[in-house]
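Q: Have a look at this one.
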Amino acid sequence: EAQVTQNPRYLITVTGKKLTVTCSQNMNHEYMSWYRQDPGLGLRQIYYSMNVEVTDKGDVPEGYKVSRKEKRNFPLILESPSPNQTSLYFCASSSSMSSMGGELFFGEGSRLTVL
Amino acid sequence: KNEVEQSPQNLTAQEGEFITINCSYSVGISALHWLQQHPGGGIVSLFMLSSGKKKHGRLIATINIQEKHSSLHITASHPRDSAVYICAVRPQGAQKLVFGQGTRLTINP
Numbered sequence: 012e013a014q015v016t017q018n019p020r021y022l023i024t025v026t027g028k029k030l031t032v033t034c035s036q037n038m039n040h041e042y043m044s045w046y047r048q049d050p051g052l053g054l055r056q057i058y059y060s061m062n063v064e065v066t067d068k069g070d071v072p073e074g075y076k077v078s079r080k081e082k083r084n085f086p087l088i089l090e091s092p093s094p095n096q097t098s099l100y101f102c103a104s105s106s107s108m109s110s111m112g113g114e115l116f117f118g119e120g121s122r123l124t125v126l
Numbered sequence: 822k823n824e825v826e827q828s829p830q831n832l833t834a835q836e837g838e839f840i841t842i843n844c845s846y847s848v849g850i851s852a853l854h855w856l857q858q859h860p861g862g863g864i865v866s867l868f869m870l871s872s873g874k875k876k877h878g879r880l881i882a883t884i885n886i887q888e889k890h891s892s893l894h895i896t897a898s899h900p901r902d903s904a905v906y907i908c909a910v911r912p913q914g915a916q917k918l919v920f921g922q923g924t925r926l927t928i929n930p
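Written as structure tokens, this is what we have:
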């Protein structure tokens, strides 16, 4: 079954404690991306990756890091989380983001609370 | 002004009604996506459009590139259609998506 898997689904942590949210897809997709969703602000892109070792900033990259060492994995790293990073996070993948692009597949979301 | 505007923001209808959700955007695009998010959070892709019209079951999506406008229609609406519907565009030359704020649809039995 084609899927994007995120872990953890729910996490409560404290300010400053490094954490990683993992994202894995089994569709051999080139494009992967992270979004955060906040009430009143909708979905906003954090980082994206066009392929292995190719990553770029989205609209709200501050406080986040990513890496793309393998095609299937695209972890989101919060080196020193702060309360303003409390949000619902989604990972997504697509076969391509070229001119025609492909269908988007989303993970189930990770609800993060930073105290 | 947001690059992607959806209307209405909230819509309540009775089961069986014909539903239309609109999306207007201000930039040239290479594709437009319609997404569905049910309570509980998961997001599902409904359509990806670059021109014309697509249909899946009771859902129909249209796009007018010249007018920078897309519509999502639901025929014979059902309570299980209750969800937030999100329009997202891929600006030309960009490798990212810009999202609308979403339309919260509630279908009452």
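Line by line, the protein sequences give chains A and B. The first sequence runs 12 to 126 under this note's numbering. The second sequence runs 822 to 930 under this note's numbering. Note that CB positions come from ideal geometry on N, CA and C, so glycine has one too.
#1: Are any of the Cβ atoms in chain B nearer than 8 Å to that of Gly53 (chain A)?
#2: Is Asn39 (chain A) helix, strand or coil when you go by DSSP?
#3: Which residues in the same chain as Ala909 (chain B) place their Cβ atom closer than 6 Å to its Cβ, once the five residues preceding and following it in sequence are excluded?
#4: Give the secondary structure of Asp70 (chain A) by DSSP, where H, G and I count as helix, E and B as strand, and everything else as coil.
#5: Using alpha carbons as the reference points, say which of B:Ala915, B:Gln887 and B:Thr833 lies closest to Tyr59 (chain A).
#6: Taking only beta-carbon atoms, is Ile881 (chain B) less than 8 Å away from chain A?
#7: According to the neighbour-count rule (16 or more other Cβ atoms, all chains shown, within 10 Å of its Cβ), is Met111 (chain A) buried or exposed?
#8: Could you pull the start and end residues of the beta strand (DSSP E) that Pro912 (chain B) belongs to?
#9: Taking Thr97 (chain A) as the reference, which of A:Gln48, A:Pro19 and A:Met61 has the closest Cα?
#10: Under 7 Å between beta-carbons, which chain B residues line up against Glu114 (chain A)? List them in chain order, please.
#11: Assuming Gly53 (chain A) and Gly923 (chain B) form a contact by the criterion Cβ under 8 Å, report the distance between their Cβ atoms to the nearest whole angstrom.
A: The relevant details are as follows:
#1: Numbered from its first residue, the first sequence carries residue 53 (chain A) at position 42. Closer than 8 Å to some Cβ of chain B, the Cβ of Gly53 (chain A) qualifies, so yes.
#2: Locating residue 39 (chain A) in the first sequence gives position 28, counting from the first residue. Reduced to three states, the DSSP call for Asn39 (chain A) is coil.
#3: As a first step, residue 909 (chain B) is located in the second sequence; it is residue number 88 there, counting from the start. His854, Leu918 and Phe920, listed in sequence order.
#4: Here residue 70 (chain A) corresponds to residue number 59 of the first sequence, with the count starting at 1. Correct three-state label for Asp70 (chain A): coil.
#5: One-based indexing of the first sequence puts residue 59 (chain A) at position 48. Minimum Cα distance to Tyr59 (chain A) is reached at B:Ala915.
#6: Numbered from 1 along the second sequence, position 60 holds the residue referred to as residue 881 (chain B). By this cut-off, Ile881 (chain B) is not an interface position.
#7: Sequence index remark: in the first sequence, residue 111 (chain A) carries index 100 (1-based). Here Met111 (chain A) scores only 47 on pLDDT, less than 50, and its place in the model should not be relied on; the value that follows carries that caveat. Answer is exposed; the Cβ neighbour count stays below 16.
#8: Sequence index remark: in the second sequence, residue 912 (chain B) carries index 91 (1-based). First-last of the beta strand (DSSP E) with Pro912 (chain B): Ala904 to Pro912.
#9: For this step, residue 97 (chain A) is matched to residue 86 along the first sequence. Out of A:Gln48, A:Pro19 and A:Met61, A:Gln48 has the C-alpha closest to the C-alpha of Thr97 (chain A).
#10: Translated into positions along the first sequence, residue 114 (chain A) becomes position 103. Neighbours of Glu114 (chain A) on chain B, chain order: Ser866 and Met869.
#11: Position 42 of the first sequence, counted from the first residue, corresponds to residue 53 (chain A). Position 102 of the second sequence, counted from the first residue, corresponds to residue 923 (chain B). Confirmed, Cβ separation roughly 6 Å.
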